[in-house]
Amino acid sequence: QKEVEQNSGPLSVPEGAIASLNCTYSDRGSQSFFWYRQYSGKSPELIMFIYSNGDKEDGRFTAQLNKASQYVSLLIRDSQPSDSATYLCAVTLSPYGGATNKLIFGTGTLLAVQP
Amino acid sequence: DGGITQSPKYLFRKEGQNVTLSCEQNLNHDAMYWYRQDPGQGLRLIYYSQIVNDFQKGDIAEGYSVSREKKESFPLTVTSAQKNPTAFYLCASTPMGRGLGGNTEAFFGQGTRLTVV
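Sequence lines, in order, name chains A and B.
Quick note: the first sequence uses the numbering used here, first residue -14, plus one each step.
Quick note: the second sequence uses the numbering used here, first residue 109, plus one each step.
Pasting the structure below:
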């Protein structure tokens, strides 16, 4: 089982719709969860981070965390063509019981917003 | 301005040659990471370091080596043992190394694209 799993997509949505991106993780001890956006040939850039169960909203973006189900999601409202990119889920694991932190990424979901 | 600097941006390696990729940060971050990204793929962890003079293997460490002699610097050497090194290499740093929770938001360099010729 992969430590962080995402559907590779592509996920295609029409402009103005809600895009829903999902991620599951294997380590129940994971503490920190991140969503990054990566345009082709560029470095990832942070969109959202979430540490507690529930929802966290920032503009058009909402991150949702459910630690019991080991599930984190990203909702993008009013999707724009400029949102077309690969979205990477990242999770901080603590393989040595908290003595060190290991940041692991999923394979990413390609989002295509159709004008 | 604080940030992470990777160099060079493009690197060409001959078969059997070792090459070193540079990563420097002036963010005073404790932890630093090296990732490899192949076309259409996610980021795979090569090595990471939480403090100076200490580092751990990631998921694909074979054929790579690192050092962490200074807090600001975490160079990656791609050795001749790495049979398929052509990829996009990303260096990242986070504020907090050890300990549960806390802020581990990663900041990335601009990447080095390595090609075997």
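Idealized CB from N, CA, C, for every residue including glycine.
Using a Cβ cut-off of 7 Å, pull out every chain B residue sitting near residue i, in sequence order please.
i, result
"Ser28 of chain A", "Leu198, Phe216, Gly217, Gln218 and Gly219"
Among the options, which has the Cα closest to the Cα of residue i?
i, options, result
"Leu104 of chain A", "A:Ala4, A:Gly14 and A:Val(-2)", "Lying outside -14 to 100, the shown extent of chain A, residue 104 of chain A is not represented and no answer is given."
"Lys(-13) of chain A", "A:Gly91, A:Tyr36 and A:Leu50", "A:Gly91"
"Thr48 of chain A", "A:Met33, A:Gln23 and A:Leu73", "For the record, residue 48 of chain A in the displayed sequence is Ala; it is not Thr. Out of A:Met33, A:Gln23 and A:Leu73, A:Met33 has the C-alpha closest to the C-alpha of Ala48 of chain A."
"Ser37 of chain A", "A:Ala2, A:Gln16 and A:Ala75", "A:Gln16"
"Gly111 of chain B", "B:Met140, B:Tyr118 and B:Leu222", "B:Met140"
"Asn51 of chain A", "A:Ala70, A:Ser25, A:Thr9 and A:Leu88", "A:Thr9"
"Thr71 of chain A", "A:Arg13, A:Glu0 and A:Ser25", "A:Ser25"
"Asp63 of chain A", "A:Gly44, A:Gly(-6), A:Gln55 and A:Tyr56", "A:Gly44"
"Phe18 of chain A", "A:Glu0, A:Gln55 and A:Gly1", "A:Gln55"
"Pro116 of chain B", "B:Ala189, B:Ile159 and B:Phe196", "B:Phe196"
"Val225 of chain B", "B:Gln133, B:Asp138, B:Ser181 and B:Asn192", "B:Asn192"
Based on the DSSP output, what are the partners of residue i in its beta bridges?
i, result
"Phe90 of chain A", "A:Ala75"
"Pro(-1) of chain A", "A:Gln99"
"Glu42 of chain A", "A:Thr47"
"Phe182 of chain B", "Looking at the DSSP assignment, Phe182 of chain B forms no beta bridge with any residue, so it has no partner."
Quick one: which chain A residues come within Cβ less than 7 Å of residue i?
i, result
"Thr113 of chain B", "Going along chain A, no residue has its Cβ under 7 Å from Thr113 of chain B, so there is no contact; the nearest lies around 12 Å."
"Thr202 of chain B", "Leu88"
Which chain A residues are close to residue i, counting only those with a beta carbon under 8 Å from its beta carbon?
i, result
"Gln133 of chain B", "What Gln133 of chain B touches in chain A: nothing, since even the nearest Cβ is about 13 Å away."
Is the beta carbon of residue i less than 9 Å from the beta carbon of residue j?
i, j, result
"Leu96 of chain A", "Trp20 of chain A", "no"
"Ser6 of chain A", "Gln23 of chain A", "According to the sequence provided, residue 6 of chain A is Leu. The question's Ser does not apply to it. Against a cut-off of 9 Å, the Cβ pair of Gln23 of chain A and Leu6 of chain A comes out as no contact."
"Gly93 of chain A", "Gly150 of chain B", "yes"
"Leu135 of chain B", "Thr220 of chain B", "no"
"Leu184 of chain B", "Cys199 of chain B", "yes"
"Ala214 of chain B", "Pro100 of chain A", "no"
Residue i touches chain B at which residues, Cβ-Cβ below 8 Å?
i, result
"Lys101 of chain A", "Chain A is shown only over -14 to 100; residue 101 of chain A falls outside these bounds and no answer can be derived."
"Phe46 of chain A", "Those within 8 Å of Phe46 of chain A in chain B number zero; the least Cβ separation is about 15 Å."
Is residue i near the ligand MN - that is, is its Cβ less than 8 Å away from at least one heavy atom of it?
i, result
"Gln164 of chain B", "The ligand content of the structure shown is nil, which means the ligand MN is not present either."
Checklist entry - Between the region 153 to 167 of chain B and the region 114 to 125 of chain B, are three or more C-beta pairs nearer than 8 Å? => result no
Checklist entry - Is there contact here, the region 148 to 159 of chain B with the region 169 to 176 of chain B, by at least three beta-carbon pairs under 8 Å? => result These segments touch.
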